[in-house]
Amino acid sequence: MARIGLGMVGGGADAFIGGVHRIASRIDGHFDLVAGALSSTPEKAKKSGEALGLDPDRSYGSFEEMAEAEAAREDGIEAVSIVTPNHVHFAAAKPFLERGIHVICDKPLTATFDDAEAMATAVRDSKALFVLTHNYTGYPMVRQAQAMVAEGGLGQLRVVQVEYPQDWMTDAVENSGVKQAEWRTDPERSGAGGSIGDIGTHAFNLAAFVTGETPTRLAADLQSFGAGRALDDNAHVMLRYDSGARGMLWCSQVAPGYENGLRLRLFGDKGGLEWAQEDPNVLWYTRHGEPTQRITRNGAGATDASTAVSRIPPGHPEGYLEAFATLYSEAAEAIRAVQSGEDREAVMGKLPGLAAGLEGMAFIRACVTSARDDAAWVTL
Numbered sequence: 001m002a003r004i005g006l007g008m009v010g011g012g013a014d015a016f017i018g019g020v021h022r023i024a025s026r027i028d029g030h031f032d033l034v035a036g037a038l039s040s041t042p043e044k045a046k047k048s049g050e051a052l053g054l055d056p057d058r059s060y061g062s063f064e065e066m067a068e069a070e071a072a073r074e075d076g077i078e079a080v081s082i083v084t085p086n087h088v089h090f091a092a093a094k095p096f097l098e099r100g101i102h103v104i105c106d107k108p109l110t111a112t113f114d115d116a117e118a119m120a121t122a123v124r125d126s127k128a129l130f131v132l133t134h135n136y137t138g139y140p141m142v143r144q145a146q147a148m149v150a151e152g153g154l155g156q157l158r159v160v161q162v163e164y165p166q167d168w169m170t171d172a173v174e175n176s177g178v179k180q181a182e183w184r185t186d187p188e189r190s191g192a193g194g195s196i197g198d199i200g201t202h203a204f205n206l207a208a209f210v211t212g213e214t215p216t217r218l219a220a221d222l223q224s225f226g227a228g229r230a231l232d233d234n235a236h237v238m239l240r241y242d243s244g245a246r247g248m249l250w251c252s253q254v255a256p257g258y259e260n261g262l263r264l265r266l267f268g269d270k271g272g273l274e275w276a277q278e279d280p281n282v283l284w285y286t287r288h289g290e291p292t293q294r295i296t297r298n299g300a301g302a303t304d305a306s307t308a309v310s311r312i313p314p315g316h317p318e319g320y321l322e323a324f325a326t327l328y329s330e331a332a333e334a335i336r337a338v339q340s341g342e343d344r345e346a347v348m349g350k351l352p353g354l355a356a357g358l359e360g361m362a363f364i365r366a367c368v369t370s371a372r373d374d375a376a377w378v379t380l
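Heads up: the sequence shown begins at 1 in the UniProt record's numbering, then just goes up one per residue.
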């Protein structure tokens, strides 16, 4: 099928996540990047567009200009990726949603809850799809874990343990010119959550995606260990579920020895499972009273849930970029379905969307509220 014309807002020079989105959009061949407003500085945006080989006429100085011009073109973009710092997400997405251009947005949804509610209104008023790139949901063994839980492989869920430690902010790198740290430690650009907004929302979303359950109450202890940091860089969060399950979420960006240690452990009355992002092609599953099984992506024990989103044979590792690509491929399928007249809610499948974004924002707000009241229990 013809490739989908894709635009990008943000993601210019020195922007890590922009490069990830561009690679992911190309892996399965569903998108062509044809336009961009790649920086908030028009001169830098033009240079970034030139470096990526964009037509100079479609390398824009602002996202407002890009939305208006592309909507007026007969060959205008059909979808746009928003890969800016959090505080720009709503402002950038709005003009595209208003023009019926599908939006693929990086997480979290926005920087503030007011913007999140405004984003929700814009999405509901639009005919376009809205996809939030919680990319860890795209890993094959995460899909298999979700299916196993849904099929009763753990029985009644009792314990949820999810953690996401990193060490890259152990030193005050935001004061030494590290762009990714500068905006993440700035409440104006990042929002009220530091580590809980940046990586805690990933952990929260992963647990909810696999279990099919969202906690209804939490108690959060947030810390800012970095001298002078306005936002948290470490968090311990206790979780309670209406089903009776209990959970704990730990996220940290000041944990020496951990590069990207996202890990999920689930335990029910019939069994348990464990998955780790740094060894993503393996899922450990234990039926109560039996030896632990090692299930690999395309090996013995793998099911359609994982093999359907795998690309290469057993023993050849797939990882971060391929998981991102799974979301882009599923977004492309959903876009084509909507263009064929199907209902946009019905085509989302396993894609994270507005609901996942609002849940993440509620999680951030509840954590901040709880921490301000000495880790008091708060209703989400």
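C-beta atoms are modelled at their ideal positions from N, C-alpha and C, and glycine is treated no differently.
If you count every other CB in all the chains shown that lies within 10 Å of the CB of residue i, and 16 or more means buried, which is it?
{"i": "glycine 228", "result": "exposed"}
{"i": "arginine 294", "result": "exposed"}
{"i": "proline 352", "result": "buried"}
{"i": "phenylalanine 96", "result": "buried"}
{"i": "tryptophan 377", "result": "exposed"}
{"i": "asparagine 260", "result": "exposed"}
{"i": "proline 314", "result": "exposed"}
{"i": "lysine 107", "result": "buried"}
{"i": "alanine 300", "result": "exposed"}
{"i": "methionine 1", "result": "exposed"}
{"i": "phenylalanine 209", "result": "buried"}
{"i": "glutamate 278", "result": "exposed"}
{"i": "glutamate 174", "result": "buried"}
{"i": "glutamine 156", "result": "exposed"}
{"i": "phenylalanine 63", "result": "buried"}
{"i": "glycine 152", "result": "exposed"}
{"i": "glycine 197", "result": "buried"}
{"i": "alanine 51", "result": "exposed"}
{"i": "glutamate 74", "result": "exposed"}
Just to confirm, is the Cβ distance from residue i to residue j under 8 Å?
{"i": "alanine 362", "j": "valine 347", "result": "no"}
{"i": "alanine 203", "j": "tyrosine 241", "result": "no"}
{"i": "isoleucine 4", "j": "alanine 79", "result": "yes"}
{"i": "proline 140", "j": "glutamate 345", "result": "no"}
{"i": "tyrosine 328", "j": "phenylalanine 31", "result": "yes"}
{"i": "glycine 10", "j": "valine 83", "result": "yes"}
{"i": "leucine 206", "j": "threonine 137", "result": "yes"}
{"i": "threonine 379", "j": "threonine 216", "result": "yes"}
{"i": "valine 368", "j": "leucine 249", "result": "no"}
{"i": "asparagine 86", "j": "serine 224", "result": "no"}
{"i": "glycine 341", "j": "leucine 154", "result": "no"}
{"i": "alanine 332", "j": "glycine 349", "result": "no"}
{"i": "isoleucine 77", "j": "leucine 6", "result": "yes"}
{"i": "aspartate 232", "j": "leucine 218", "result": "no"}
{"i": "alanine 192", "j": "alanine 375", "result": "no"}
{"i": "alanine 308", "j": "asparagine 135", "result": "no"}
{"i": "valine 254", "j": "glycine 289", "result": "no"}
{"i": "glycine 12", "j": "lysine 44", "result": "yes"}
{"i": "methionine 8", "j": "serine 81", "result": "yes"}
{"i": "serine 243", "j": "serine 195", "result": "no"}
{"i": "glycine 49", "j": "valine 159", "result": "no"}
{"i": "glycine 357", "j": "leucine 109", "result": "yes"}
{"i": "proline 187", "j": "alanine 235", "result": "no"}
{"i": "lysine 270", "j": "arginine 297", "result": "no"}
Along the chain, where does the beta strand (DSSP E) that runs through residue i open and close?
{"i": "glutamine 161", "result": "157 to 165"}
{"i": "glycine 360", "result": "Careful: glycine 360 lies outside any beta strand (DSSP E), inside the alpha helix (DSSP H) at 354 to 372."}
{"i": "glutamine 253", "result": "Where glutamine 253 is concerned, there is no enclosing beta strand (DSSP E), given that its DSSP letter is neither H nor E."}
{"i": "methionine 238", "result": "234 to 240"}
{"i": "aspartate 114", "result": "Looking at the DSSP string, aspartate 114 is not in any beta strand (DSSP E); the run it does join, the alpha helix (DSSP H), is 113 to 125."}
{"i": "aspartate 32", "result": "31 to 37"}
{"i": "tryptophan 168", "result": "Where tryptophan 168 is concerned, there is no enclosing beta strand (DSSP E), given that its DSSP letter is neither H nor E."}
{"i": "glycine 244", "result": "Run containing glycine 244: none; DSSP gives neither H nor E here."}
{"i": "valine 103", "result": "102 to 105"}
{"i": "phenylalanine 225", "result": "Neither: phenylalanine 225 is in no beta strand (DSSP E) and is coded neither H nor E."}
{"i": "threonine 201", "result": "Looking at the DSSP string, threonine 201 is not in any beta strand (DSSP E); the run it does join, the alpha helix (DSSP H), is 201 to 211."}
{"i": "phenylalanine 81", "result": "According to the sequence displayed, residue 81 carries serine and not phenylalanine. Element bounds for serine 81: 79 to 83."}
{"i": "isoleucine 295", "result": "293 to 296"}
How far does the alpha helix (DSSP H) with residue i in it extend, from its first residue to its last?
{"i": "leucine 273", "result": "Where leucine 273 is concerned, there is no enclosing alpha helix (DSSP H), although the beta strand (DSSP E) it sits in stretches over 271 to 276."}
{"i": "leucine 321", "result": "320 to 339"}
{"i": "glycine 49", "result": "42 to 51"}
{"i": "threonine 303", "result": "Counting along the chain, threonine 303 falls outside any alpha helix (DSSP H), and DSSP gives it neither H nor E."}
{"i": "arginine 184", "result": "179 to 184"}
Since residue i and residue j should fall inside the 8 Å C-beta cutoff, what is the C-beta to C-beta distance between them, to a whole number of angstroms?
{"i": "alanine 305", "j": "glycine 212", "result": "With 8 Å as the limit, alanine 305 and glycine 212 do not qualify as a contact, their Cβ atoms being about 14 Å apart."}
{"i": "aspartate 28", "j": "alanine 325", "result": "6 Å"}
{"i": "aspartate 167", "j": "proline 256", "result": "5 Å"}
Let me check you understand the geometry: is the CB of residue i closer than 7 Å to at least one non-hydrogen atom of the ligand SAH?
{"i": "glutamate 65", "result": "Judged by which ligands are present, the structure shown has none, so any question about the ligand SAH falls away."}
* Asked: Looking at C-beta atoms only, is the number of pairs between the segment 174 to 181 and the segment 94 to 114 that lie closer than 8 Å three or more?
  -> no
* To do: Would you check if the segment 252 to 269 and the segment 136 to 156 touch, i.e. whether three or more CB-CB distances between them fall below 8 Å?
  => yes
* **the segment 29 to 37 touching the segment 48 to 65, judged by at least three CB pairs closer than 8 Å** => yes
* Counting Cβ pairs, one atom from each stretch, are 3 or more of them under 8 Å apart for the segment 85 to 95 and the segment 103 to 119? -> yes
* Taking contact to mean at least 3 C-beta pairs separated by less than 8 Å, is the segment 355 to 369 in contact with the segment 113 to 125? -> yes
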